[in-house]
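Each residue of the sequence shown is one higher than the last, beginning at 7 in the numbering used here. Report on the structure given below.
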Amino acid sequence: GEVLAIDKQEIETQVEVKSGETLALGGIFTRKNKSGQDSVPLLGDIPWFGQLFRHDGKEDERRELVVFITPRLVSSE
Numbered sequence: 007g008e009v010l011a012i013d014k015q016e017i018e019t020q021v022e023v024k025s026g027e028t029l030a031l032g033g034i035f036t037r038k039n040k041s042g043q044d045s046v047p048l049l050g051d052i053p054w055f056g057q058l059f060r061h062d063g064k065e066d067e068r069r070e071l072v073v074f075i076t077p078r079l080v081s082s083e
């Protein structure tokens, strides 16, 4: 079966806005660091000479979650 993953992040604040005004909530940051090596099969495994056929890679990813909310008052009429 399929595995479901749930990632929960929370922010708490108090604000006052008028009906129809848009509010931006931010400040939730995530950061991922990845590193790895790519190589040509067999050639990348040869001592000394194999360095010509390998590549070491690093990736630094940063994200910020920003949520925009526009409340609207709805009359009960």
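Virtual Cβ for every residue (Gly too), placed ideally from N, Cα, C.
Distance from the CA atom of residue 8 to the CA atom of residue 59, rounded to whole angstroms, is 37 Å. For residue 75, the enclosing beta strand (DSSP E) starts and ends at 60-75. Looking only at 62, 66, 38, 22, the smallest Cα-Cα distance to residue 46 is reached by 62.
No Cβ-Cβ contact shorter than 8 Å links residue 78 with residue 37. Residue range 29-45 is occupied by the beta strand (DSSP E) that includes residue 43.
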